[in-house]
Amino acid sequence: MAVVFQKTKGLTDKPFHYCPGCMHGIIHRLIAEVMEEMDLIDKTIGVASVGCTYNNYDYFSCDMVQAAHGRAPAVATGIKRCKPEEMVFTYQGDGDLASIGTAEIVHAAARGEKICTFFVNNAVYGMTSGQMAPTTLLGQVTTTSPLGRDAETRGYPINVSEMLSTLTGAVYIERVALFDYKHIQEAKKAIAKAFRVQQKGLGFAMVEFLSTCPTNWGKEPIEALEWCKEKMVPQYPLGVFKGKDLEV
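Shown next, in the form of structure tokens:
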């Protein structure tokens, strides 16, 4: 009998610990599939930071390193400079990358570090009970903005992809979503492009994923998918912000 579908070799056999409806598992599989299809599993070092995915070193079959909260780009910089022949990626959430790790990601991009960053934006701190994140939408209720995020006292959401795309060292920046099959396939293509940019040594590459957090949003998984599409996309439009015409 012909095999039409099987688990990617880019993932271990350990079951994911993520909540029902969480999209980290989808993103993990897409990255793993791309590594397998590009023959990169034994040539890649991933950097796990702090958040819901702090232990993704248990899931990816490639070599993995654990970084302190927000410091994954700094750790990845050191690894890539010591081992330039290896593919290096960071996997970070919005609280990690856009809050405590803002300096690290901005300066890694500004320096044009030849790494890939996979940035998961679910508009909330997922691991620590759903506090307001830098990406929380105006009016969005969280445990630390129970009346909804107010711009007057809490500022505005940070559009990370747009911000980093202004930096010369960033050569490829794209925002994708995962709320239906079509967008999942586009997300996989973006991951592959980010790895190809690194293979060619062109500079910093980042793919931002709009994701759901049903548990902390207080929504059922299907409802969360619709909320992501209807509420997050207007604030965080999808598309390529840097490197659309790159030939890789």
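Heads up: the sequence shown begins at -7 in our numbering, then just goes up one per residue. Just so you know, even glycine gets a beta-carbon here, dropped at the ideal spot from N, CA and C.
Cβ of D34 within 8 Å of Cβ of K6?
-> No, these two residues do not count as a Cβ contact at 8 Å.
How should A143 be labelled, buried or exposed, when 16 other C-beta atoms within 10 angstroms of its C-beta is the threshold for buried?
-> Result: exposed.
Touching or not, the region 220 to 233 and the region 194 to 204, by the rule of three or more beta carbon pairs under 8 Å?
-> yes
Cβ neighbours of L129 in the same chain (closer than 8 Å, five flanking residues each side left out) | A115, R141, P149, K223, M224, Q227
Flag this pair as yes or no: are the beta carbons of P65 and I97 separated by less than 8 Å?
-> Against a cut-off of 8 Å, the Cβ pair of I97 and P65 comes out as a contact.
Who are the Cβ neighbours of K72 in its own chain at under 8 Å, not counting the five residues just before and after it?
-> E78, V80, E105, K106, I107
In the structure shown, what three-state DSSP assignment does E222 receive?
-> helix
Under 8 Å between the Cβ atoms of L22 and A179?
-> yes
Counting along the chain, where does the alpha helix (DSSP H) carrying V152 start and finish?
-> 152 to 156
Buried or exposed: Q177, going by 16 or more other Cβ atoms within 10 Å of its Cβ?
-> exposed
Out of A59, T82, A101, which has the shortest C-alpha to C-alpha gap to V112?
-> Considering only alpha carbons, the answer is T82.
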